[in-house]
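Just so you know, we're using the numbering used here here: the sequence shown kicks off at 641 and counts up by one.
Glycine is no exception: its CB is placed at the ideal position from the N, C-alpha and C atoms.
Please read the structure below before turning to the comments.
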Amino acid sequence: MNQEEIIRIVSEKLKLIRTEYNLTQEQMSEVVGISKKTLVQIEKQRVQCGWTVAVAMCTLFKSSAILQAAFGGNPLIFIGLSTGEGVLVPEQHLVNDKLWWRTIESEQNWRIQQNLVHTSFRLLNPANEIKLYTLSKEDAEDHLASFTTI
Numbered sequence: 641m642n643q644e645e646i647i648r649i650v651s652e653k654l655k656l657i658r659t660e661y662n663l664t665q666e667q668m669s670e671v672v673g674i675s676k677k678t679l680v681q682i683e684k685q686r687v688q689c690g691w692t693v694a695v696a697m698c699t700l701f702k703s704s705a706i707l708q709a710a711f712g713g714n715p716l717i718f719i720g721l722s723t724g725e726g727v728l729v730p731e732q733h734l735v736n737d738k739l740w741w742r743t744i745e746s747e748q749n750w751r752i753q754q755n756l757v758h759t760s761f762r763l764l765n766p767a768n769e770i771k772l773y774t775l776s777k778e779d780a781e782d783h784l785a786s787f788t789t790i
């Protein structure tokens, strides 16, 4: 998932997120830091939001059911993956979103899981802690091999 896809998703879901949180257009535009006119243009799908607005929306409304469903989990994970080298070491290691992931490979109780909504992967250790996120299955397999051969 790249920045353009994130912008597209956030732009398409912005109005739904606003109504999910019972915000007026004035309130939402103030919270996100854009003019009401720009917000209306985005909601009517005439323009897309920019990267800064997409990141702000994902940060401020990361618990939104709309965003969670659109991204297949915490949207901040995908923000991090799109801005780095395609590998993200999480700050919080505990698994709490099993709904969006399925195990595709397992070795010595280590597991590679794939996101059901977008093509991303994560590596879990035997204690069910997330060790990394990546956009590449090969990266996940390489890290799995390095952890299981220790």
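Q: Tell me W691's beta-bridge partners as DSSP assigns them.
A: Mapped onto the sequence shown, residue 691 falls at position 51. W691 is not bridged to any residue.
(Q) If contact is defined by three or more beta carbon pairs under 8 Å, each pair taking one atom from either stretch, is the segment 641-652 in contact with the segment 710-719? (A) As far as the Cβ criterion goes, the segment 710-719 touches the segment 641-652, which means the pair count is three or higher.
Q.
So, for L721: in the same chain, excluding its five sequence neighbours on each side, which residues have a beta-carbon less than 7 Å away from its beta-carbon?
A. As a first step, residue 721 is located in the sequence shown; it is residue number 81 there, counting from the start. For L721, the CB contacts under 7 Å within the same chain, skipping 5 residues up- and downstream, are M641, L728, S760, Y773 and L775 in chain order.
Q. What is the DSSP secondary structure of Q748, counted as helix, strand or coil?
A. Counted from its first residue, the sequence shown places residue 748 at position 108. Three-state DSSP puts Q748 in coil, outside helix and strand.
Q. In the segment 664-713, which residue ranges form an unbroken alpha helix (DSSP H) of at least 4 residues, counting only runs that do not cross its ends?
A. Counting only runs of 4 or more residues that sit fully inside the segment 664-713, the alpha helix (DSSP H) segments are 665-672, 676-683, 691-700 and 705-711, in chain order.
Q.
Within the continuous alpha helix (DSSP H) that includes T723, where are the two ends?
A. On the sequence shown, position 83 is the one that residue 723 refers to. For T723, the enclosing alpha helix (DSSP H) begins and ends at P715 to T723.
Q: Assign L739 to one of three DSSP states: helix, strand, or coil.
A: Looking up residue 739 in the sequence shown gives position 99. Three-state result, L739: helix.
Q. Taking C-beta to C-beta, are A780 and L763 nearer than 8 Å?
A. If you number the sequence shown from 1, residue 780 lands on position 140. If you number the sequence shown from 1, residue 763 lands on position 123. It is a contact, given that the beta carbons lie within the stated cut-off.
(Q) Which residue wins for smallest C-alpha separation from T788, given the options E670, I752 and A694? (A) Mapped onto the sequence shown, residue 788 falls at position 148. That would be I752, whose Cα lies nearest to the Cα of T788.
Q: Can you grab the Cα-Cα spacing for the pair V687 / Q681, in whole Å?
A: For the purposes of this step, residue 687 is taken as residue 47 along the sequence shown, with counting starting at 1. For the purposes of this step, residue 681 is taken as residue 41 along the sequence shown, with counting starting at 1. Within the model, the alpha-carbon separation for V687 versus Q681 is close to 6 Å.
Q.
For L716 and T699, which I take to be in contact (beta-carbon distance under 8 Å), what is that distance rounded to the nearest angstrom?
A. Within the sequence shown, numbered from 1, the residue matching residue 716 stands at position 76. Within the sequence shown, numbered from 1, the residue matching residue 699 stands at position 59. T699 and L716 do touch by the CB rule: their CB atoms are close to 7 Å apart, below 8 Å.
Q | Beta-carbon spacing of S704, E660 below 8 Å | A | In the sequence shown, residue 704 corresponds to position 64, counting from 1. In the sequence shown, residue 660 corresponds to position 20, counting from 1. Cβ distance < 8 Å, so S704 and E660 count as in contact.
Q. Would a C-beta distance cut-off of 8 Å place F718 and H783 closer than the cut-off?
A. In the sequence shown, residue 718 corresponds to position 78, counting from 1. In the sequence shown, residue 783 corresponds to position 143, counting from 1. For the pair F718 and H783, the CB atoms are not nearer than the 8 Å cut-off.
Q) Where does T788 sit, in a helix, a strand or coil, going by DSSP? A) On the sequence shown, position 148 is the one that residue 788 refers to. In the structure shown, the three-state DSSP call for T788 is helix.
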